[in-house]
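Student:
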Amino acid sequence: MNKLEGVYLPLVTPFHDGAVDMESLRRLVEHYKGLGIAGFVLLGTTGESPTIEPDEQRSLVAAALDAVAGDLPVYVGVGGNSTKHVARGIASYESMDLAGYLVVTPYYNRPSPDGLVEHFRAVAAETERTVIAYNVPYRTGVNLSNDALLGLAATVPNIRAIKDATGNVLQSLDLLHRAPDDLAVLTGEDPLYFTSVVNGAAGGILASAHLATTTFVEIMEALADERLEKARASWRGISPMIPALFSESNPMPLKYCLWRLGLIRSAECRLPLTRVSDQLAGRLDELVGGLTAP
Numbered sequence: 203m204n205k206l207e208g209v210y211l212p213l214v215t216p217f218h219d220g221a222v223d224m225e226s227l228r229r230l231v232e233h234y235k236g237l238g239i240a241g242f243v244l245l246g247t248t249g250e251s252p253t254i255e256p257d258e259q260r261s262l263v264a265a266a267l268d269a270v271a272g273d274l275p276v277y278v279g280v281g282g283n284s285t286k287h288v289a290r291g292i293a294s295y296e297s298m299d300l301a302g303y304l305v306v307t308p309y310y311n312r313p314s315p316d317g318l319v320e321h322f323r324a325v326a327a328e329t330e331r332t333v334i335a336y337n338v339p340y341r342t343g344v345n346l347s348n349d350a351l352l353g354l355a356a357t358v359p360n361i362r363a364i365k366d367a368t369g370n371v372l373q374s375l376d377l378l379h380r381a382p383d384d385l386a387v388l389t390g391e392d393p394l395y396f397t398s399v400v401n402g403a404a405g406g407i408l409a410s411a412h413l414a415t416t417t418f419v420e421i422m423e424a425l426a427d428e429r430l431e432k433a434r435a436s437w438r439g440i441s442p443m444i445p446a447l448f449s450e451s452n453p454m455p456l457k458y459c460l461w462r463l464g465l466i467r468s469a470e471c472r473l474p475l476t477r478v479s480d481q482l483a484g485r486l487d488e489l490v491g492g493l494t495a496p
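So that you can map any letter, position 20 of the sequence shown is 222 in our numbering, and since no number is skipped, the others follow by simple counting.
#1: Can you list, in chain order, the residues of its chain whose CB lies under 6 Å from that of G279, leaving out five sequence neighbours each side?
#2: Does any residue of chain D have a CB that is nearer than 7 Å to the CB of L425?
#3: Tell me whether D487 is buried or exposed, calling it buried when 16 or more other Cβ atoms sit within 10 Å of its Cβ.
#4: Determine whether the beta carbon atoms of E470 and F217 lie at a separation below 7 Å.
#5: In its own chain, which residues sit with a C-beta less than 6 Å from the C-beta of A495, not counting the 5 before and 5 after it?
#6: Closer than 8 Å is the cut-off here; do at least three beta carbon pairs connect the stretch 366-377 with the stretch 340-354?
#7: May I ask you to report which of helix, strand or coil DSSP gives L274?
#8: Spatial neighbours of T215 within its chain, please: CB distance less than 7 Å, with the 5 preceding and 5 following residues excluded, ordered by chain position.
#9: Just to confirm the assignment: which complete beta strand (DSSP E) runs, minimum length 3, are found wholly within the stretch 360-424?
#10: Report the three-state DSSP secondary structure of G279 (helix, strand or coil).
#11: Just reading off the beta strand (DSSP E) that V305 is part of, what are its end residues?
#12: Which word fits L230, buried or exposed, when buried means at least 16 other C-beta atoms lie within 10 angstroms of its C-beta?
#13: For the structure I just gave you, are there three or more beta carbon pairs, one from the stretch 265-274 and one from the stretch 282-291, closer than 8 Å?
#14: For A495, which of helix, strand or coil comes out of DSSP?
#15: Of the residues N345, N204, F418 and G402, which one's Cα is nearest the Cα of A409?
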């Protein structure tokens, strides 16, 4: 299995009049696949996966794969707090041409450390494809410790990456220090993208990379070439937009921006998410006005 490296896009799911907007989905895929990203992640939190029905999910994934046309790897988020249901979800995608799966720690029921480990062992056994473990404690209520994660990576051959969104800089730096070369640490904390890559992260799965996409990619390339000043200058140019994109529930602000840029037909989200506040919309209009290209 090749190591995951670069900027991965956790694609939004566009809606129009209540339905998944396949026309806008294809437009997004065709747009972003030419901007230097390393791959797509579908049906993550940014893709509003909890609100999308199983039949819609399969149609969405099939449409995205058709638009990608084999040019980039595609990963699908398959998460939940029932190990059996997650394993069944992975099995249902095995006939599709996917690179692997993003699997979040079980939420709400807050399993013990042993339960977390056994959950990932069980679901990873359903596939030979890459599994990206997703640790996001502030959403799930449980933290996958670095010891547990590194133990999994050492004993489960296809757990080959982690989306690290702990929000704990010390835990993230410890993971980067201890991770073996064949385990890709991908930050899911957009504000920590530069810091993470400077400290050895293989890249990121970044919602904000829907905007200023080429700059996110250029930062990765500049750091790989040891052009620190270039990377720092690029990061300073785009990092101020990130707080606005997360000041209300993701992906509401992001979809508003993509709608204003003409990349999707509607900024619509599914309940319980709504539209951005009028106050934030004004700030986002200014942000979009300052962008030369996504």
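Note that the Cβ used here is the ideal one computed from N, Cα and C, for glycine as well.
Tutor: This is what the structure gives:
#1: L245, G246, S251 and L304
#2: As a matter of chain content, chain D is missing from the structure shown, which is built from one protein chain.
#3: exposed
#4: yes
#5: Caution applies to A495, whose pLDDT of 49 falls short of 50 and renders its modelled position unreliable; the model cannot decide the point.
#6: yes
#7: coil
#8: V222, G249, E250, I254 and L262
#9: 361-366, 386-389 and 405-407
#10: strand
#11: G302 to V306
#12: buried
#13: no
#14: With a pLDDT of only 49 at A495, under the threshold of 50, the placement of this residue in the model should not be trusted, and no figure is reported.
#15: F418
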